[in-house]
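Presented below is the structure to which this report refers.
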Amino acid sequence: MKQYIEERAIANYIIASNAAVRQTAGKFGISITYLQK
C-alpha cells in the first residue's frame, strides 16, 4: 500500500475514534515510534 494512503487512514482513525497513540498502534499492529514520525 502507498505510504500516504496508510498515513491518511491512521490519521482518520485517530480523529474519528479519539484514540490515543497506544490504542492506534495496537489496532493497526504497528509500533508507537512509527506513529510518532
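Each residue of the sequence shown is one higher than the one before, starting from 1 at the first, in my numbering.
Beta carbons: idealized from backbone N, C-alpha and C, even for Gly.
For residue i, name the three-state secondary structure that DSSP assigns.
i, result
"Ser31", "coil"
"Ala16", "helix"
With C-beta atoms as the reference, is residue i less than 8 Å away from residue j?
i, j, result
"Ser78", "Ala25", "Because the chain spans 1 through 37 in this model, residue 78 falls outside it and cannot be assessed."
"Gln36", "Val21", "yes"
Return the Cβ separation of residue i and residue j in integer angstroms, given the expectation that the two are a contact with Cβ distance under 8 Å.
i, j, result
"Ile5", "Phe28", "With a Cβ gap of about 13 Å, Ile5 and Phe28 do not count as contacting."
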